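There are 2 protein chains.
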Amino acid sequence: MSDENKIPYKIYLNENEMPKAWYNLRADMKNKPAPLLNPGTGKPLTAEELSPIFCEELVQQELDDTTPYIDIPDEIREFYKMYRPSPLVRAYCLEKKLDTPAKIYYKFEGNNTSGSHKLNSAIAQAYYAKKQGLKGVTTETGAGQWGTALSMACSYFDLDCKVYMVKVSYEQKPFRREVMRTYGASVTPSPSETTEVGKKILAEHPGTTGSLGCAISEAVEVATKNPGYRYVLGSVLNQVLLHQSVIGLETKAALDKYGIKPDVIIGCAGGGSNLGGLIAPFMGEKLRGEADYRIIAVEPASCPSFTRGTYAYDFCDTGMICPLAKMYTLGSSFIPSANHAGGLRFHGMSSTLSQLYHDGYMEATSVEQTSVFEAAEQFARVEGILPAPESSHAIRVAIDEALKCKETGEEKTIVFGLTGTGYFDMVAYEKYNNGEMGDYIPTDEEIAASIAKLPKVEG
Amino acid sequence: MSDENKIPYKIYLNENEMPKAWYNLRADMKNKPAPLLNPGTGKPLTAEELSPIFCEELVQQELDDTTPYIDIPDEIREFYKMYRPSPLVRAYCLEKKLDTPAKIYYKFEGNNTSGSHKLNSAIAQAYYAKKQGLKGVTTETGAGQWGTALSMACSYFDLDCKVYMVKVSYEQKPFRREVMRTYGASVTPSPSETTEVGKKILAEHPGTTGSLGCAISEAVEVATKNPGYRYVLGSVLNQVLLHQSVIGLETKAALDKYGIKPDVIIGCAGGGSNLGGLIAPFMGEKLRGEADYRIIAVEPASCPSFTRGTYAYDFCDTGMICPLAKMYTLGSSFIPSANHAGGLRFHGMSSTLSQLYHDGYMEATSVEQTSVFEAAEQFARVEGILPAPESSHAIRVAIDEALKCKETGEEKTIVFGLTGTGYFDMVAYEKYNNGEMGDYIPTDEEIAASIAKLPKVEG
Chain B
0 MSDENKIPYK IYLNENEMPK AWYNLRADMK NKPAPLLNPG TGKPLTAEEL
50 SPIFCEELVQ QELDDTTPYI DIPDEIREFY KMYRPSPLVR AYCLEKKLDT
100 PAKIYYKFEG NNTSGSHKLN SAIAQAYYAK KQGLKGVTTE TGAGQWGTAL
150 SMACSYFDLD CKVYMVKVSY EQKPFRREVM RTYGASVTPS PSETTEVGKK
200 ILAEHPGTTG SLGCAISEAV EVATKNPGYR YVLGSVLNQV LLHQSVIGLE
250 TKAALDKYGI KPDVIIGCAG GGSNLGGLIA PFMGEKLRGE ADYRIIAVEP
300 ASCPSFTRGT YAYDFCDTGM ICPLAKMYTL GSSFIPSANH AGGLRFHGMS
350 STLSQLYHDG YMEATSVEQT SVFEAAEQFA RVEGILPAPE SSHAIRVAID
400 EALKCKETGE EKTIVFGLTG TGYFDMVAYE KYNNGEMGDY IPTDEEIAAS
450 IAKLPKVEG
Chain C
0 MSDENKIPYK IYLNENEMPK AWYNLRADMK NKPAPLLNPG TGKPLTAEEL
50 SPIFCEELVQ QELDDTTPYI DIPDEIREFY KMYRPSPLVR AYCLEKKLDT
100 PAKIYYKFEG NNTSGSHKLN SAIAQAYYAK KQGLKGVTTE TGAGQWGTAL
150 SMACSYFDLD CKVYMVKVSY EQKPFRREVM RTYGASVTPS PSETTEVGKK
200 ILAEHPGTTG SLGCAISEAV EVATKNPGYR YVLGSVLNQV LLHQSVIGLE
250 TKAALDKYGI KPDVIIGCAG GGSNLGGLIA PFMGEKLRGE ADYRIIAVEP
300 ASCPSFTRGT YAYDFCDTGM ICPLAKMYTL GSSFIPSANH AGGLRFHGMS
350 STLSQLYHDG YMEATSVEQT SVFEAAEQFA RVEGILPAPE SSHAIRVAID
400 EALKCKETGE EKTIVFGLTG TGYFDMVAYE KYNNGEMGDY IPTDEEIAAS
450 IAKLPKVEG
């Protein structure tokens, strides 16, 4: 089946070929990701300490770095079937437009109303909350994709859903709010006056347009103060990467079906949920010495945690009430320019990916906003999908890699994650269309200032 | 393969199972749809007369009521592969929620950036324009789906695209405009001062929020006054129903694969492009006496051309510069309430569907806006797709039919067309979420007044 002519535009697995278990990448890591620490004691957090914040089974998944496969419950698999398997698309039109000998594939996760891969973990987290008999969950959302995904998942399992939405996104994306409301969620712009931490942040930074870190602090406060509620998070955590492994497992199954071996795998990286999910089984092979792949994380130049951050313990939130995670970070007080469009605005990065990057298993690069939108427009015009700004970071680098192949004549196989669609990002596209979009790169001084505020932790 | 357990949530045909020819329903009609008339002479329009308005091959397709199958050119089939075959979805979750013995299927056409089925005809019309060596095309758009689809198609073939967008939609949907601009189209709110007919309509109805009929007049004027341009239309015409037959052909192939025979087929109807496409091969069997199906057209109570219009020759546009078509019409001066959300706001109906309805081959029903959005929300919450207001008309009636089955215990198989997604309709959803949406049903006097202005034509 490796005959070039046999590869369709879109490779769909059958429903019975969908993964029956998530893959836990940590099981194959020799250097495990550093544990979450209790900011009060400086000691690794126990399941007991995490349980007031997260659902019990999710705490187990968060802490489990040895079990390689964890079964996907039937209820979640049934929900997955509403929008999965997602297509692996051969970008024939893009290849032709670029006139490149490279073969480009993308795993498209945008064919659902949340518009992104976030639904893969949202439904899992909602399921475990329901199973535990909870009333509801709280969360934050940046670009709005995670909040939408969680609203859909909670509606499906009849759970209450309280979303704190980064204020700049709330204002830029009123329609995202309405999608969440249509699914029955309540949406509050963050920082807000509804929490202690929100009031404090507003007092210190009046007029702030918010950050993911602020919104996390508010959502965690509400979850811990309301009986029957827990907090859920759309990225960064090990449990989220575990759920998102469904992306990579499907990608690998589809490639294997046609005997295709990728040379380069590219994913955008904010907190790391898409990248960690997409690369999981490939990285597993690499860790076990069974195969080699070039793996590239792409982040915005306006929020460059891998490429300009430091590898250290830091708070996951601006309000400094969350656990400490060891990660590449710009400092929890870092807030990217309000002119940065879309998501990928978290100050830190998944501990798992941070460890892998630190150990040299993957590369990272940062790209500027206008060149990202240029790639987005080029992609939209030939591939017929208007991509999310986040996803377009990966498109930018995939195009650049394909153009390098054009120079060298190499027929590399490039796979990238197209995490979602940009239908709720038209304010940003309008800016780009009007030539009003700029690039917002933090100065060395800015980054140094927020890094100077890192908590003092050994390890 | 008729084993119930074997039917997946989503039936995807393989690319090589996609239709290679469109099906021309008119070939099987004993009573052919009445021809377009020249409003000046009252005589059937010839190919020569139509050529200044439409591309030559499209004129042939418009007039051909005898050839049953017309090959889909390879270039169009290649483009189709970017987003087709579209899934036929078994609505297991909706069935469960309704607790109905009915089996519900929907053909989902929203998995592309235009967000609807409109792309099926847009790419065909752009292809023939390119083949003829034209510079560009002009069109109108109501809800914006057709304009977006045409922008995508023109961008693919490097054609200029000028879109006249009904003013109320232009204002309610600024983001639709930006999608079109991202694909390189120019977008003008209609009525505008850029055309003679627009100026005239504005003088007569200052402050009008526009109508599809007005926008058509403007687009036709621009196409006929600019050398190298032709006009294209997203619905109503025979050629459009021909291209849209790909929906029904795929639906039938997918059902046949699993040995499923529908009892009821339901589609929303504005100008008739989706309904005509969805039902084409089923109606063909019915016309040839090979099978029987109940076929239901669903239209908004605010623009009820089938259910409250009259079957007569009328102008296709408000400006009365277009050919006359025999159809169910509310009169070309009828303008639906600005409070009506989404598309389905054309005053008339496809001549082909009008003839079939007149001859008793199908039913029609009208539904009110708030009950449409109620169905939309219910569907979104269980099926995970936030539907377009247009599509939700079909959802409403599909749910009603399934609930009737619940009462009678009948295990009917219901198939409906889910034409698209509502991601650009959140202003309307917001109104619904806030309890501010009303129903806008024209009075008998209103309809009588516009019907009184019908042109006097024999036939």
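As they're listed, the protein sequences go chains B and C.
Numbered by numbering that gives the first Met the number 0, the letters in the first sequence go through residues 0 to 458 in order.
Numbered by numbering that gives the first Met the number 0, the letters in the second sequence go through residues 0 to 458 in order.
Ideal Cβ positions, reconstructed from N, Cα and C, are used throughout, including at glycine.
Keep in mind that this is a model prediction, so the values were computed, not measured.
Start-to-end residues for the beta strand (DSSP E) that takes in residue i
| i | result |
| --- | --- |
| B:C267 | V263 to C267 |
| B:R89 | L87 to R89 |
| C:P299 | R293 to P299 |
| B:D70 | Y68 to D70 |
Residue i: first and last residue of the uninterrupted alpha helix (DSSP H) it sits in
| i | result |
| --- | --- |
| C:C54 | First-last for C:C54: undefined, no H or E at that position. |
| C:A427 | M425 to N432 |
| B:L201 | E195 to E203 |
| B:L248 | N237 to K256 |
| C:I215 | L211 to K224 |
| C:I278 | S272 to L286 |
| B:Y169 | K166 to Q171 |
| C:T306 | S304 to R307 |
Simplified DSSP state of residue i, which is helix, strand or coil
| i | result |
| --- | --- |
| B:C321 | coil |
| C:C160 | strand |
| B:P188 | strand |
| C:K452 | coil |
| C:Y11 | coil |
| B:Y422 | coil |
| C:D2 | Confidence in C:D2 is poor, its pLDDT being 46 and thus under 50, which makes the residue's placement too unreliable to answer from. |
| B:L231 | As written in the sequence, residue 231 of chain B is Val, which differs from the Leu given in the question. Three-state DSSP puts B:V231 in coil, outside helix and strand. |
| C:A20 | strand |
| B:R76 | helix |
| B:G416 | strand |
| B:D443 | helix |
| C:Y155 | helix |
| C:D399 | helix |
| B:T147 | helix |
| B:A311 | strand |
| B:L44 | coil |
| B:L35 | coil |
| C:E289 | coil |
| C:R83 | coil |
| C:T407 | helix |
Identity of the residue in the options nearest residue i by Cα
| i | options | result |
| --- | --- | --- |
| B:H301 | B:P32, B:S115 and B:T442 | Before going further, note that residue 301 of chain B is Ser rather than His in the sequence given. Closest by alpha carbon: B:T442. |
| C:P386 | C:G421, C:E400 and C:S353 | C:G421 |
| C:G276 | C:L236, C:K403 and C:E220 | C:L236 |
| C:L211 | C:A337, C:G114 and C:G308 | C:A337 |
| B:E376 | B:K405, B:H357, B:K430 and B:I334 | B:K430 |
| C:N23 | C:H242, C:E435 and C:I6 | C:H242 |
| C:R395 | C:G270, C:E14, C:A374 and C:L49 | C:A374 |
| C:A26 | C:Y126, C:E284 and C:K117 | C:E284 |
| C:T418 | C:R76, C:L35 and C:P86 | C:P86 |
| C:Y8 | C:D73, C:I264, C:S120 and C:V88 | C:V88 |
For residue j and residue i, believed in contact at Cβ under 8 Å, the rounded distance
| i | j | result |
| --- | --- | --- |
| B:S272 | B:V297 | Between B:V297 and B:S272 the Cβ distance is about 14 Å, and since that is not below 8 Å, they are no contact. |
| C:G330 | C:I450 | 5 Å |
| B:M326 | B:G342 | The pair is not a contact, with the Cβ atoms about 17 Å apart (cut-off 8 Å). |
| B:G247 | B:P280 | 5 Å |
| C:E389 | C:A142 | 7 Å |
| B:A268 | B:F305 | 7 Å |
| C:L158 | C:A128 | 6 Å |
| B:I52 | B:W21 | About 21 Å; that fails the 8 Å criterion. |
| B:A101 | B:I413 | 5 Å |
Could you tell me which whole alpha helix (DSSP H) segments of length 4 or greater appear in the region 99-143 of chain C? 118-130
Those runs of the beta strand (DSSP E) which lie wholly inside the region 325-397 of chain B and span at least 3 residues: 362-366
For the region 72-86 of chain B, which residues have a beta carbon sitting closer than 7 Å to at least one beta carbon of chain E? The question asks about chain E, but that chain is absent: this structure's protein chains are B and C.
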